[in-house]
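Student:
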Amino acid sequence: MSVVEAATDGSFDVTSWEELKAEGNSLFSKKAYAAASEKYTAALTGVPQAQKHLVLGNRSACYFQLHQYSKALADANAALELVPNWDKGISRKQCILHAMAKQKAIRNATSANVLGSIYNEKAEVLHGNDNSKNSNMLWRRLKTSLESRNQTCLDGTFAKLSHEKDFIKLVYPGVALEDIEKQNLPRSLLQLLNNTKAYEQELIALMPKVEAKANLVLENVKRKGSSQGDIMDAATEAMLRPQVFNEAFARELLAMIQRVNTLQHAKLSQDASRIASPDNEVAYWELFSPQFTTHFFVEKASYANEDDFMGEEYIPLILSDAQRMRKLGKLLQVAHTQGSMRFWNDKILKDEFPALAEVVEKLHAIPFVLNRSFDLHLCDESKMDAACSTSIVCLENGEAQPQRLDCGPTGDARDNGYKLTCIYCITGDLECGGNLHLLSLTNPVNEATISIKPDRLWVYKSQEVLNSITCVTSNTPVYYVVFRIHGMTPFPQTP
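Letter 249 of the sequence shown, counting from 1, is numbered 249 in UniProt numbering, and no numbers are missing.
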């Protein structure tokens, strides 16, 4: 069919590029790749510049299917010159390069080498039902792709988890590498996957859910592309599928780790041997004024504050420690615009940051003091086997803490055992921002944005108060110490 045909009256009917592209799509779907490529070539003569990359991409797919890889690569490169960040084009180019490399390897390899690589190792025999076999197969394939270290992956969670530094940042936010090594925790995705005793069965159980999510994502991408005339060919889909699967797995993995950690915290908090003894000598320390205890425990307020918690003479010393900690790079960035932090305990702090160690020691005495006065069954954090209850937080200009609930309702999947949250303010003034915003879930009228003040301690009920820290507006960093206290029993609800 000619692009331009003469009508009976001698006029010409120029077939639109959209029609040519649609004809090409139809031929492509029928696997008539050579004919489809001709239609796309014709369409290129009239296509608007903004749509040209789509037609080039489709013609590249035709050449790929015809094993004309050089032509396919040329069209893919031309499309990416027009739209450098076109995800489909990038994936298609990866697919072409992969096929070209494979073709070259086959040419250079002997038949014996090829057969040896194929039959080098027999797959283990899997027993059980089809779902179990499929889950195990997907699990083995995932581990193999990681161990080979040559997989391509989408620029997302899986890519980050595949690198040790990013893995630690995502899985253990605010926990230093030396603390991770002391607890013999996995430091990379591959180490975690190889920890069969702790994780394998639960991870295998995730496989059907991961596969379903990956299929859904791919179908949505294909449907969206098809609606725009951008057809995903089988080779591109084959290239994308393992990458999408890996990304879905990575996100489910993080959710699983969160569930396991939450369950572990809740379980530990119900162990009576971990209760802070009311007979311990620190239980007799005078930490709170009568006004605080009356408001918080007798009147059952959702939150309360205690000023001059450490004493005026401590303020410059504590601030100096916090500033030095930041300058030495001891604080770890946890998320974009959410500041830096690190989990600590008073024993580790004593040598380098003695004033901060004094603050943490006094905070850790709170469960003992409150158990003696009110029999709250709060836990001794030194017995919790979880170095994640006490942190130093730094927020700089433009950074804030999003709204969160520190602990879900008792028995809920989000119940991590926290009962009280304490926030000790190291710095602050009315003009710098970084203020504490608290909203009681049991009494929505009880909402306040509270200005921070040095040496002020705020205490609120972890299961009851939504909390956030507003954006810091000054060039002076704002510092806090956060201490979350586990406990066996929930507090009475605020009336």
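All C-beta atoms in this analysis are idealised placements derived from N, C-alpha and C, irrespective of residue type, glycine included.
1) Pull up the CB-CB distance for L54 and G229, whole angstroms please, since I reckon it's below 8 Å.
2) On a CA-only basis, which of V482, R404, F297, E399 is nearest S474? Give me that one, please.
3) Since C425 sits in a beta bridge, which residues does DSSP pair it with?
4) Check whether the Cβ atoms of V210 and A248 lie closer than 8 Å to each other.
5) What residue from Q51, L457, C425 has the CA that sits closest to V478's CA?
6) When the Cα atoms are used, what is the spatial distance from L268 to E178?
7) Considering Cα atoms alone, identify which of H486, T442, D415 is closest to C422.
8) With a threshold of 16 other CB atoms inside 10 Å of the CB of N184, please say whether the residue is buried or exposed.
9) To the nearest angstrom, how far is the alpha carbon of T470 from that of G174?
10) Please name the residue in F483, I450, L319, F64 whose C-alpha comes closest to that of T236.
11) Among P48, S60, T45, whose alpha-carbon lies nearest the alpha-carbon of residue 499?
12) Can the beta-carbon of Q463 be found less than 8 Å from the beta-carbon of C388?
13) Hey, how far is the Cα of Y480 from the Cα of A322?
14) Just list the residues that DSSP pairs F343 with in beta bridges.
15) Start and end of the beta strand (DSSP E) containing H437?
16) Grouping DSSP H, G and I as helix and E and B as strand, with all else coil, what is C62?
17) Going by the CB atoms, is the gap between L331 and S340 shorter than 8 Å?
18) Among the residues of its own chain, which have a CB less than 7 Å from the CB of L189, if the five just before and after it don't count?
19) Less than 8 Å between the beta carbons of L376 and L370, yes or no?
20) Just the Cα atoms here: how many angstroms apart are N411 and V260?
21) Between R404 and N305, which are expected to be in contact by the criterion C-beta below 8 Å, what is the C-beta distance as a whole number of angstroms?
22) In the DSSP assignment, what are the bridge partners of C379?
23) Take S289 and list the residues in its own chain whose beta-carbon comes closer than 7 Å to its own, dropping the five residues that flank it on each side.
24) Relative to the ligand MN, is the shortest distance from any of its heavy atoms to the C-beta of A74 smaller than 7 Å?
25) Express the C-alpha separation of A32 and E18 in angstroms, rounding to a whole number.
26) Residues in its own chain within less than 6 Å of K39 by CB, not counting five upstream and five downstream?
27) What does I469 pair with, by DSSP beta-bridge criteria?
28) Hey, out of A301, F374, F483, P402, whose CA is closest to E447's CA?
Tutor: Taking the structure as given:
1) Confirmed, Cβ separation roughly 6 Å.
2) Taking S474 as reference, the option from V482, R404, F297, E399 with the minimal CA-CA separation is E399.
3) In DSSP, C425 forms a bridge with R456, Y480.
4) For V210 and A248, yes; Cβs fall inside 8 Å.
5) With respect to the C-alpha of V478, the residue from Q51, L457, C425 having the closest C-alpha is C425.
6) So the two alpha carbons sit approximately 24 Å from each other.
7) For the set H486, T442, D415, the Cα lying nearest the Cα of C422 is the one of H486.
8) So N184 counts as exposed.
9) Cα to Cα, T470 sits roughly 20 Å from G174.
10) Between T236 and the set F483, I450, L319, F64, the nearest pair of CA atoms involves F64.
11) This structure cannot speak to residue 499, because the chain is shown only from 1 to 495.
12) The Cβ atoms of Q463 and C388 lie no closer than 8 Å to each other.
13) The alpha-carbon separation between Y480 and A322 amounts to approximately 9 Å.
14) DSSP lists S391 as partners of F343.
15) Per DSSP, the unbroken beta strand (DSSP E) holding H437 starts and ends at 436 to 440.
16) Helix at C62.
17) In this structure, L331 lies closer than 8 Å to S340 by Cβ.
18) Once the five neighbours on either side are set aside, the close Cβ partners of L189 are L146, L161, S162, F167.
19) With contacts defined by Cβ atoms closer than 8 Å, L376 and L370 form a contacting pair.
20) Correcting the residue identity first, residue 411 is Gly in this sequence and not Asn. A direct Cα-Cα distance of roughly 14 Å separates G411 from V260.
21) With a Cβ gap of about 19 Å, R404 and N305 do not count as contacting.
22) The bridge partners DSSP lists for C379 are I275.
23) Closer than 7 Å at the Cβ level, and outside the excluded window around S289, lie E306.
24) Absence of the ligand MN is noted for the structure shown, with no ligands found whatsoever.
25) Using only the alpha carbons, I get a separation of about 19 Å.
26) Excluding residues within five positions, the ones whose Cβ falls inside 6 Å are L20, E23, G24.
27) According to DSSP, I469 shares a beta bridge with Q401, L436.
28) Measuring from the Cα of E447, the nearest candidate turns out to be A301.
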